[in-house]
Amino acid sequence: MRNISLAAALVLSLAAAAPAFAGTKERIEALEAAVASLRASQPAAIEANAKIDRLEAEVRGLTGRVEQLTFELEQARARLDSVSAALAGDAPQILSGAPAGPNDLIANEISKSAPGGSGPGEVSLPLDPDAAFSYASDLLLAGDYARAERAFQMFVETFPNHPRTADARFRLGEVYLANSKNTEAADAFIGFIRAYPQSARGAEAYLKLGTAFSRLQKPDEACKVF
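Going left to right, the sequence shown walks through residues 159 to 384 as the numbering used here numbers them.
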């Protein structure tokens with residue numbers, strides 16, 4: 159009888175402990191699942207952190223590049239101011255008299271090119287801006303520098319705000335160099351650099367400006383540009 163009572167008590171104790179054991183087991187399984195999930199997500203977190211580090215390094219590099227370009231631009235502007243001051247005494251004198259308007263310029267050239275009045279050195283600039291630019295460019299490519307010079311001058315005077323005026327001003331400077339008009343070339347490239355400081359041809363304009371100064375036997379100004 160005593161043995162039966164002990165057995166019954168043991169059964170009751172085990173029955174009471176079973177729910178607690180089951181709960182502990184579930185908790186352990188949950189913790190194991192959480193650890194596994196953490197381990198699975200860890201490589202992704204490491205990769206994300208590495209990507210962030212790379213992006214931050216790239217941003218730092220770009221920031222440094224922008225600062226360097228800003229510094230170089232400020233130096234270039236300072237050199238240009240110095241060069242402009244040095245060139246001031248050599249600037250070509252502008253003839254007195256009222257300048258002709260755009261329509262007068264075109265009309266005069268058209269009248270010169272009319273039958274019976276045209277000559278080998280005269281220029282007939284088309285009324286359409288694109289056609290006028292192509293006309294001047296063709297003269298330059300053909301090596302007709304005298305007429306190309308006049309054509310680009312007329313284009314700049316007639317279409318000062320046209321999108322192709324920047325190219326026309328640059329090519330006019332090139333024509334001046336080709337015609338050995340080095341003072342005019344220096345003026346043209348200084349004007350181009352001032353008017354279009356962000357142009358992709360800015361570096362080339364500085365180079366040609368230095369060439370003009372070198373031909374003018376102004377080594378100090380040329381060195382400032384180069």
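Cβ atoms here follow ideal geometry from the backbone N, Cα and C, with glycine treated the same way. Treat the numbers as computed from the prediction; the structure is a model and nothing was measured.
- For Leu299, same chain residues with a beta-carbon under 8 angstroms away, outside a window of 5 residues either side, do not exist.
- Within 10 angstroms of the beta-carbon of Gly368 lie 16 or more other beta-carbons, which makes it buried.
- For Gly349, the enclosing alpha helix (DSSP H) has its first and last residue at 340-353.
- With a threshold of 16 other beta carbon atoms within 10 Å, Leu335 meets it and is buried.
- When the five nearest sequence neighbours on each side are left out, the beta carbons in the same chain lying within less than 6 angstroms of the beta carbon of His320 are those of Pro287, in order along the chain.
- Judged by DSSP secondary structure, Ala370 falls within the alpha helix (DSSP H) whose first and last residues are 360-373.
- Scanning its chain for C-beta atoms nearer than 6 angstroms, with the 5 sequence neighbours on each side dropped, one finds around Pro284 the residues Ala290, Tyr293, in chain order.
- For Phe310, the uninterrupted alpha helix (DSSP H) segment begins and ends at 303-316.
- In this chain, the alpha helix (DSSP H) harbouring Ala294 covers 287-299.
- The Cβ-Cβ distance between Phe328 and Phe350 falls below 8 angstroms.
- Rounded to the nearest angstrom, the Cβ distance from Ala370 to Asn340 is 5 angstroms, consistent with a contact under 8 angstroms.
- For Leu365, the number of other beta carbons within 10 angstroms of its own is below 16, and it is reported as exposed.
- Ser357 has its alpha-carbon roughly 58 angstroms from the corresponding atom of Ala194.
- For Ser195, the three-state secondary structure derived from DSSP is helix.
- The residue among Gly331, Ser372, Lys376 with its C-alpha nearest the C-alpha of Ala304 is Gly331.
- Excluding the 5 residues flanking it on each side, Leu297 has same chain C-beta neighbours closer than 7 angstroms at Arg305, Ala306, Ala309, in chain order.
- Residue environment analysis places Ile348 among the buried positions, since at least 16 neighbouring C-beta atoms fall within 10 angstroms of its C-beta.
- With fewer than 16 other beta carbons inside 10 angstroms of its own, Glu190 counts as exposed.
- Annotated three-state conformation of Arg322 is coil, per DSSP.
- Across the set Arg212, Pro355, Leu374, the C-alpha of Leu374 shows the shortest separation from the C-alpha of Ala343.
- Here DSSP, grouped into helix, strand and coil, assigns Glu205 to helix.
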